[in-house]
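In what follows, a single structure is set out as structure tokens and then discussed.
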Amino acid sequence: MAAAMVRTMSTTAAGTPPVSVATINPKLVWVALICDRIAGRLKVSISVLKCEYAVRGEIVTHAQNLQQELQKNPESLPFDEILYCNIGNPQSLGQQPVTYFREVLSLCDHPALLDKSETHALYSSDAIERAWQILEKIPGRATGAYSHSQGIKGLRDEIAAGIAARDGFHASGDNIFLTDGASPAVHMMMQLLISSESDGILCPIPQYPLYSASIALHGGSLVPYFLNEETGWGLDVDELKKQLEEARSKGITVRALVVINPGNPTGQVLVEENQKKIVEFCKNEGLVLLADEVYQENIYVEDKPFHSFKKIARSLGYTDDDLPLVSFQSVSKGYYGECGKRGGYMEITGFSPDVREQIYKVASVNLCSNVSGQILASLVMNPPKAGDESFESFMSERDGILSSLARRAKALEEAFNSLEGITCNKAEGAMYLFPRLHLPQKAIGAAQAVGTAPDAYYAKRLLEATGIVVVPGSGFGQVPGTWHFRCTILPQEDKIPAIVSRLKEFHEKFMDEFRD
């Protein structure tokens, strides 16, 4: 009887399941980009059966299976650990949280600690004071309660003050929407901008797959523009114009331009003059500028400081009346690396009141972002200042993390460039390198014989021989006929020599095996 009821509940009258790949919304997919020259542009394959979200795709699933095998039988594989170089998840690879941020968070989440005398011996005085200030901004001092859908007003004001201090131009808390990391903010903007396949979004290639996925999810068209690998992954405005004109000639209304600065997966940092040209391009073409600036703290070159696109626009004299602009920020990156706390925001400027109302409606559907993430976002944009008790220890932690990341980036870049058949641009910022594989024709043929992209074939072989997990470049998009992989610089510094040694040994054997 019970079994019959289960069968009745899980199948339709025709005996078919009520939910199958044939009946689900075809937009609900993670998108893999398949590079193919069709009419001179990138083909984007959107198939619920064939698509993957590259940074958590097939290679990572295989790595997790190998990790389980290692736990059962440590001697079964030619390595003793899996080294995850596939995703920007710093604390999973040993990076420690920033003390000051965690002190304030813990006090806000358990306010009773503030009334205990021993707290003053365990916590810095400025962390205690900051916790009191934050709690005063939260209705009922309840971090476990829903907040305003846009985020707690006092925390939005603190973030705006941090933006103003960074840029030298006014910022308003009313323009801040706090979100669970930057990703929901991207989805909100795509939902706002896209109404059909005839709406296009200009995106860089290579790009972070969130953008292709979100565009597909909301039913739009990805309009690719290629970054120039020969000039250090440069963004050429002439390329933007070319792709815009081509899209328009095909009846696509291009609504926005996505710029990732510093770049993911490519690690480049845009120079100020280039940013000015990009702003002018958006102004002249009537495009919304979507600025992914989540790696703004991750700069490893002295001659390319970070400039927000809002700062660039204001320095050119453009106001809210001239250019709609959205800046995304996250607590997951930078020196903080608080991925699991899911904090972030978008600052929106240049939108009319009626459009802003619609953005708020979309935000209100999800009630609010998590309050701990909101608090962290306010701390990230307003860290300890000179004279605060925590300032020196905070700066020591911050600078220690960033300088170590710079050394790791340099070590991996030099290692890649020392290998036959690999070229790698410098990581000027962000958390990744994107080396190019110049593979022998026999290796490409071997990959084609098993129905996989050559860089995915290389990545799988690398994993099975060394335990190192990287992401094939085909998951980010690339110029057709070129092959890459993305490797994070996040493994702890003492593990970098082992990674380099394993990689070198594998690569030499791989090239010898497939030498033409």
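Sequence positions in the sequence shown follow the UniProt record's numbering and run 1 to 516. Ideal Cβ placement from N, Cα and C applies to all residues, glycine included.
Quick check: what's the CA-CA separation for ALA409 versus MET431? Taking the CA atoms as reference points, ALA409 sits about 8 Å from MET431.
With H, G and I counted as helix, E and B as strand and the rest as coil, what does DSSP make of VAL450? Look at VAL450 here: in three-state DSSP terms it is coil, with no helix or strand label.
Please work out which residues of its chain come closer than 6 Å, Cβ to Cβ, to LEU244, disregarding the five sequence neighbours upstream and downstream, and give them in chain order. If we look at LEU244 and ignore the five residues flanking it on each side, its Cβ neighbours are VAL254.
Looking at the secondary structure, which residues open and close the alpha helix (DSSP H) in which PRO497 lies? Here the alpha helix (DSSP H) through PRO497 covers 496-513.
I need the DSSP call for SER196, collapsed to helix, strand or coil. Coil.
What is the rounded straight-line gap between the Cα of SER332 and the Cα of GLY343? Taking the straight line joining both Cα atoms gives about 7 Å.
Compare the beta carbon distance of ASN264 and TYR295 with 8 Å and say whether it is the shorter of the two. For ASN264 and TYR295, yes; Cβs fall inside 8 Å.
Counted within 10 angstroms of its Cβ, other Cβ atoms place PRO204 as buried (16 or more) or exposed: Buried is the call here.
Taking 8 Å as the threshold (C-beta atoms), are SER369 and ARG166 in contact? Taking 8 Å as the Cβ cut-off, ARG166 and SER369 do not qualify as a contacting pair.
Identify the continuous beta strand (DSSP E) that holds MET346 and give its terminal residues. Under the DSSP assignment, MET346 falls in the beta strand (DSSP E) whose first and last residues are 344-349.
Under 8 Å, do GLY473 and ASP455 count as touching if we go by C-beta distance? Contact: yes.
Validate contact between the segment 404-419 and the segment 491-507 using beta carbons, cut 8 Å, 3 pairs: In this structure the segment 404-419 touches the segment 491-507; the number of beta carbon pairs closer than 8 Å is three or more.
By how many angstroms is the C-alpha of GLN71 removed from the C-alpha of ILE159? When rounded, the distance between both Cα atoms is 44 Å.
Three-pair Cβ contact test at 8 Å for the segment 76-95 versus the segment 363-381: Counting Cβ pairs under 8 Å, fewer than three are found: no touch.
Name the residue from LEU287, ALA182, LEU289 and LYS495 whose alpha carbon lies nearest to the alpha carbon of TYR208. Looking at the Cα atoms, ALA182 is the closest of the given residues.
Close beta carbons around residue 517, own chain, < 8 Å, minus the five adjacent residues each side: Outside the shown range of the chain, which is 1 to 516, sits residue 517, and nothing can be said about it.
DSSP three-state label for PHE281, please. When DSSP states are grouped into helix, strand and coil, PHE281 belongs to the helix group.
In chain order, which continuous runs of the alpha helix (DSSP H) of length 4 or greater are located wholly inside the segment 131-212? The qualifying runs are 153-167 and 182-193.
Within a Cβ cutoff of 6 Å, which residues of the same chain sit near TYR211, ignoring the five residues on either side of it in sequence? Excluding positions up to five away in sequence, the list reads CYS203 and VAL258.
Could you check whether the segment 186-206 touches the segment 230-245, counting it as contact only if at least three pairs of C-beta atoms, one from each stretch, sit closer than 8 Å? Segments in contact, yes.
For ASP36 and PHE226, I'd like the C-alpha separation in whole angstroms. Because the pLDDT of ASP36 is 33, which lies under 50, any placement of that residue in the model is unreliable, and the number read from its coordinates should be weighed accordingly. Taking C-alpha positions only, ASP36 is separated from PHE226 by approximately 13 Å.
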